[in-house]
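Trainee: Chains as they are written, first to last, in our numbering: chain A, 3 to 285; chain B, 23 to 197.
In this text, a Cβ means the ideal position worked out from N, Cα and C, and glycines have one as well.
Pasting in a structure now, in structure tokens, and then I'll have a few things to ask.
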């Protein structure tokens, strides 16, 4: 092919890519392309194999190093399990008590639903186009499914390709979560800064509202994606941002650089009465 | 460069990227293995294969990155074509030349990606200009070094294979 035709093809290819970026940029929600799904199906198993191989190698080294301390750690963990069991029993009582009180005042607490542990096979949290890829096994994830870790909110699923799912991290520049300050119940919108440090900001909190560094920020359950009460982060800075709102910096609750397993939150089924009138309804 | 070699190069890049990211979380921020492989493959001056390979490598990168699909596809296609055209006019004999070309390609790619994000994405939130410049410079230098190392290793391997082949031919003639 001569250089002129190659030039035409180049223009065509570049225009195609440009349209792809522009169309996706104009949409409010993250969409998927067939190329991305095919790419994830091909690259996912490789990422999983590399993760498994490096994990096995590091585990081997770890085992050798820790052999001497295993017995002591085992004893300590058994003790902890006993303590947790006792705590769980007490919490069970509290839960029943709450349920009884809720029934008395006809209040229905939001159902969080079932959680499922899945493996992280690829994580890039350093570059400004950060991403996380999960292996979800035989049961695929669903788009918009919340992703959590033991410490709090990680993000939501944006692309699903078979057993693999791509997650938009809560620190992503395009991420937005309905947030709430635990101490005052004041609601706002938590956004990812997309910056190198991976911080968050809490927007639309009026200057009259009481916010202090150290305040815990939870999901507010107002965005239709995340249920209420999942830890998002801690307020680290409060400045007068403009005439109306505070400029609030939030440190994420989760160390995104240390994730090797996360939890997918299955949405609880809505009440059957609601399902009858609105089959697509979701809690 | 035949297609099989390019595909093998891409597989190598994917593997190194996965391993690097797993072992060193800041790896994707410091080095772009895909770009290095794309640039090295474009050094033979064949624009069409270089461009198509750039597109493929860019789409692989888009699959792994969290941004909009097509950002790296666009950038890598353009860079691969540009580097192939450059290679038609340049004679690169030293590894330092490869360092310069790969570093330049890396800078070009990062400028294209940042410009696209700035122009087309609603909330690009790019790092500050100084921080971006510093990051880009470091990444370009590391990419250049990696490109130089791969080029040097490939040349040594090629020369050794050539010597072995000549040695075998010589023995055959003697026999």
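Should residue 91 of chain B be flagged as near chain A, meaning a C-beta pair shorter than 8 Å?
Mentor: True, the Cβ-Cβ gap to chain A drops below 8 Å.
Trainee: Taking the CB atoms as reference points, tell me whether residue 1 of chain A and residue 188 of chain A lie closer together than 8 Å.
Mentor: The shown model of chain A, from 3 to 285, leaves out residue 1 of chain A, and the question about it has no answer.
Trainee: Mapping DSSP to helix, strand and coil, what is residue 158 of chain A?
Mentor: Strand.
Trainee: Within 10 angstroms of the Cβ of residue 161 of chain B, are there 16 or more other Cβ atoms? Answer buried if so, exposed if not.
Mentor: That one is buried.
Trainee: Pick helix, strand or coil for residue 118 of chain A, following the three-state DSSP scheme.
Mentor: In this structure, residue 118 of chain A counts as strand in the three-state DSSP scheme.
Trainee: Alpha carbon to alpha carbon, what distance is there between residue 91 of chain B and residue 35 of chain A?
Mentor: Cα to Cα, the separation comes out at about 8 Å.
Trainee: Starting from residue 137 of chain A, trace the alpha helix (DSSP H) both ways and give me its first and last residue.
Mentor: From DSSP, residue 137 of chain A is part of no alpha helix (DSSP H) but of the beta strand (DSSP E) over 133 to 137.
Trainee: State the Cα-Cα distance for the pair residue 68 of chain A and residue 84 of chain A, rounded to the nearest angstrom.
Mentor: Those two C-alpha atoms are separated by around 23 Å.
Trainee: Against chain B, does residue 26 of chain A count as a neighbour if the rule is that its beta carbon must be under 8 Å from one of theirs?
Mentor: So yes, residue 26 of chain A belongs to the interface.
Trainee: Across the segment 73 to 91 of chain B and the segment 108 to 123 of chain B, are there enough close Cβ pairs to call them in contact, namely three or more that are closer than 8 Å?
Mentor: No, the segment 73 to 91 of chain B is not in contact with the segment 108 to 123 of chain B.
Trainee: Can you give the Cα-Cα distance for residue 15 of chain A and residue 100 of chain B, rounded to whole angstroms?
Mentor: Near 9 Å, if we compare the C-alpha coordinates of residue 100 of chain B and residue 15 of chain A.
Trainee: Residues in the same chain with beta-carbon distance under 7 Å from residue 147 of chain A, minus the five sequence neighbours each way, listed in chain order, please.
Mentor: Cβ within range, chain order: 158, 159, 266 and 267.
Trainee: Residue 23 of chain A touches chain B at which residues, Cβ-Cβ below 7 Å?
Mentor: Chain B residues near residue 23 of chain A: 90, 92, 93, 96, 138 and 142.
Trainee: So that I know if they touch, is there some Cβ in chain B lying closer than 8 Å to that of residue 179 of chain A?
Mentor: No, no contact with chain B.
Trainee: For the segment 148 to 161 of chain A, list every residue whose C-beta sits within 7 Å of some C-beta in chain B, in sequence order.
Mentor: So the list is empty, because no residue satisfies the distance condition.
Trainee: Can you give me the Cβ contacts of residue 166 of chain B inside the same chain, cut-off strictly under 6 Å, excluding the 5 residues immediately before and after it?
Mentor: Contacts found: 121, 124 and 125.
Trainee: Along chain B, which residues have their Cβ under 8 Å away from the Cβ of residue 52 of chain A?
Mentor: Residues of chain B passing the Cβ test: 37, 40, 41 and 44.
Trainee: Quick check: is the beta carbon of residue 263 of chain A nearer than 8 Å to any beta carbon in chain B?
Mentor: It does not; no Cβ of chain B falls within 8 Å.
Trainee: Taking Cβ positions only, does residue 124 of chain A come closer than 8 Å to chain B?
Mentor: Yes, because at least one Cβ of chain B sits closer than 8 Å to the Cβ of residue 124 of chain A.
Trainee: For residue 248 of chain A, report the span of its beta strand (DSSP E) as first-last.
Mentor: It spans 248 to 254 - the beta strand (DSSP E) in which residue 248 of chain A sits, taken as one unbroken run.
Trainee: Which bits of chain A does residue 82 of chain B rub up against, with CB to CB less than 9 Å?
Mentor: Within 9 Å Cβ-Cβ: 41, 44 and 45.
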